Amino acid sequence: MNKRRRGMKTDRKKIHLTYNTKCKLCLVPSLAGTAVFFVIPYIRVLYYSVIGSQFRRNFVGLKNYIETLKNQYFQLALKNSLLLIAVCVPVLVVLALVISLALSYGIKAVRRTRFAFVLPMVIPAAGVVMIWQDVFGSSGTVLPVYLLFIWKNIGICIVLLTAAFTAIDESVFEAARMDGAGNFILHTKITVPMVAPTVYFVSLLSIVNTFHIFQESYLYYGTNYPPDHSYTLQYYMNNNFLKLNYQNLATSAVLTSIVVFALVMAGMALMRRYRQ
Amino acid sequence: VLNGNFSYIDSDGATILEISGLLEQDFDKSINMISASYVAEAPTSLGYIINQKEIGDESFALTVLSQDKDYDLCILSSREDFAASIRDKGAFYPLNDVDGVEEYLDACFPFIKEAATNEDGDIWMFPVDVRVMALCYDTEICSAAGLAFSDDMTLQDFISNVKSAYSDGSISYAAQKEFFSELLLSDYLMEYGSFDTPEFRELAETIRTDIWGNEDAFTYSSDYNVALMSGDYSNVAFDILSDAYAYSFHDSDSKTVISLPMAGGKSIATCTFICVNPASEHLEDTLAYISALSKSLAGDEDNLSLAKADIYSTSDFYQAVNEVYGDAQIRFTYSSELYADDFNDYLDGTVSLEDFIAEADRKLSAYKNE
């Protein structure tokens, strides 16, 4: 009897181990891709950020970091990039939330124009920039770039948030209504908590996308040296790349990744606190 | 190539250059050369197969930074942004020990060796072509027309001569406004490093009022176009020249050459040079090619880079060319992207001079300090 039990346990363990092994094997391609395209290059960038030159490779410790942090143009670029995140991301997410809600509630005027929200995702950047140049000309402010960013990214945010809204089971609302909940309670106690993870994801995606606005900004200004208010980290990195200054490029890339990591961590902490 | 000996023989059968000890297969070796933009002054291949590729700025930066083993040489002009970056970042194989290179540079004008050597004494590039811009004029035609060119000529003197030549109507000359303005601007910037100076304000006003304001005068005269097509420049009163080929058309007793009135007081030399990739897979072949090239250029009697080239003793005209070359300098320029478009706006009257200065200096400051 004991032997049979022991035999069954061993079989289960064998099956369990095989299952675990299979799971791990399934992860291998994904992990390999991440390692080859992200982890190993990142480690190389870290290495290049602590050497004196790409071609002489003398170890200089944190000298490059200190120089980059002291550089007035890095400071300007970092300030402008953070300002872009601080101003545009909240506006973008709130605007996308409002439009998604309107789409979910079937407001006719919004439903008829939904195609317009997705249009920026399919129009080539060069075409968009030409229209922008005609509309804004040389406005002398950062507004054209901010509006371009919001207009360009609102489509994907609306798609994701609308999907989150429509995924909420109608029975949850019905049960709440039966318990006497009004519209305000329904949204604050059900809708918002249930779409909060998507809002968080959309916010993160938008933060990452602020670093992709370089292409449109470059086309808009037509130079590597845009007005100071629009000089972002991508300009700083691109210009250093063209000057073969790989150490400045690597250092600013590492510092940027630290900033993005800090923002993600702050967002996660906020989410955790909100859930509690 | 015969029995491993390479000989350069002129039309009379006299040997100009001889390189011994080469193997037949050396001349089947291929060398990969890259450039960021179009380079007209490619070096002679000397029997090697040179695969030249123009790859654009981004690809060039990526190829150099990644130390791509597939390219052996890069060819650049001193007027390109990358030129000084290659030197400053150490993206080169030092050529000090390559047979013939140091000897060749010693035979060149001192400013060429100075530009080819970095602060550590490394020969970081090999100059394949050096062009000095100068004013060539016909003393007889000009004195008959009352045009007074001299060594101590100022910019205003030059402008008044061009205006006189234009109003005469029968004089053949070339003074292209776009080319001349760009030359004056880049020379000024190399000398002063900022636009916010009284000298620049004066220069900008001169370019706008006296050069672009007389745009019919600052161009090719109609007779000059005939000379350009026929190759007979004997009736050309004055012209701005830079390369050996152009100088050769003007070599006559009545013509001479003087420096252009530049802010730095010296003529600008534009140098086309090659740098060896330190990670090259064909380093040995590449260095052998550079060695052969240095010997070939050292033996070229028409090579204007050589301080004592034979050609300089052939005529008074070339003696004057020699003096202009001897007083030239190679400077690694800033990108014209920093000011060219804005300066055109200033010339069009779209922006004021002060606005141009503020904008161009802002870009220049970012370029220098970022």
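These protein sequence lines are chains A and B, in that order. Sequential numbering of the first sequence, starting at 7, is according to my numbering. Sequential numbering of the second sequence, starting at 1258, is according to my numbering. Backbone N, C-alpha and C fix where the C-beta goes; we use that ideal spot for every residue, glycine too. All of these numbers come straight from a predicted model, not from anything done at the bench.
| Check | Outcome |
| --- | --- |
| Any chain A beta carbon closer than 8 Å to B:Glu-1611 | no |
| Proximal chain A residues relative to B:Val-1533, where beta-carbon distance stays under 7 Å | Those within 7 Å of B:Val-1533 in chain A number zero; the least Cβ separation is about 12 Å. |
| Cβ neighbour criterion (16 or more within 10 Å) applied to B:Asp-1612 | exposed |
| Which listed residue (B:Ser-1334, B:Lys-1326, B:Tyr-1361) has its alpha carbon closest to that of B:Tyr-1350 | B:Lys-1326 |
| Integer Cβ distance of A:Val-99 from A:Val-205, believed to fall under 8 Å | 6 Å |
| Simplified DSSP assignment, three categories, for B:Ala-1555 | helix |
| Bridge-paired residues (DSSP) for B:Ala-1635 | Only positions 1258 to 1627 of chain B appear in the structure, and residue 1635 of chain B is not among them; the question remains open. |
| Cβ-based burial, A:Ser-145 [other Cβ within 10 Å; buried from 16] | exposed |
| 8 Å Cβ cutoff met for A:Thr-257 and A:Thr-74 | yes |
| Sub-8 Å separation of B:Phe-1366 and B:Ala-1373 beta-carbons | no |
| At least three beta-carbon pairs within less than 8 Å, the region 194 to 211 of chain A to the region 224 to 235 of chain A | no |
| Members of the region 1532 to 1559 of chain B that neighbour chain A once the beta carbon cut-off is set at 7 Å | Pro-1535 |
| Counted within 10 angstroms of its Cβ, other Cβ atoms place A:Met-274 as buried (16 or more) or exposed | exposed |
| Contact with chain B by A:Asn-2, beta-carbon distance below 8 Å | Since the first residue of chain A shown is 7 and the last is 282, residue 2 of chain A is not available in this structure. |
| Contact with chain A by B:Lys-1326, beta-carbon distance below 8 Å | no |
| Contact set for B:Tyr-1265: own chain, Cβ-Cβ below 8 Å, skip 5 residues either direction | Thr-1272, Ile-1273, Leu-1274, Glu-1275, Ser-1553, Gly-1556 |
| Heavy atom of the ligand MN within 7 Å of A:Lys-195 beta-carbon | The ligand content of the structure shown is nil, which means the ligand MN is not present either. |
| Per-residue contacts from A:Gln-282 into chain B (C-beta, under 7 Å) | By Cβ distance, chain B contributes nothing, its closest Cβ being about 44 Å from A:Gln-282, past 7 Å. |
| For B:Met-1410, three-class secondary structure by DSSP | coil |
| 3-residue-minimum beta strand (DSSP E) runs that sit fully inside the region 1465 to 1535 of chain B, ordered along the chain | 1493 to 1498, 1512 to 1516, 1524 to 1533 |
| Euclidean distance between Cα positions of B:Ile-1343 and A:Leu-250 | 7 Å |
| Per-residue DSSP class, three states only, for B:Met-1382 | coil |
| Pair within 8 Å by beta-carbon distance, B:Asp-1444 and B:Met-1519 | yes |
| Under the three-state DSSP convention, the category B:Gln-1282 falls into | Unreliable positioning characterises B:Gln-1282 in this predicted model, as indicated by a pLDDT of 49, which lies under 50. The coordinate reading is nonetheless provided below. Reduced to three states, the DSSP call for B:Gln-1282 is helix. |
| Candidates B:Lys-1346, B:Phe-1317, B:Leu-1322: closest to B:Leu-1333 by CA position | B:Phe-1317 |
| Within-8 Å CB hit, B:Asn-1626 to chain A | yes |
| Chain A contact for B:Leu-1595 (CB, 8 Å cutoff) | yes |
| Test: B:Ala-1271 CB closer than 8 Å to a CB of chain A | no |
| CA-to-CA distance, A:Phe-217 to A:Tyr-48, given in whole angstroms | 17 Å |
| Given A:Glu-176 as reference, the closest of A:Pro-126, A:Ser-236, A:Ser-110 once Cα atoms are compared | A:Ser-110 |
| Per-residue DSSP class, three states only, for A:Arg-63 | coil |
| Neighbour list for A:Asn-230 in chain B, Cβ cutoff strictly below 8 Å | Glu-1594 |
| Spatial distance of A:Gln-60 from B:Gly-1450 (CA atoms) | 28 Å |
| Proximity test, Cβ basis, 8 Å: B:Leu-1440 and chain A | no |
| Straight-line gap, B:Cys-1528 to B:Asp-1386 (C-alpha atoms, nearest Å) | 6 Å |
| Own chain, CB closer than 6 Å to A:Tyr-25, minus 5 neighbours either side, in chain order | none |
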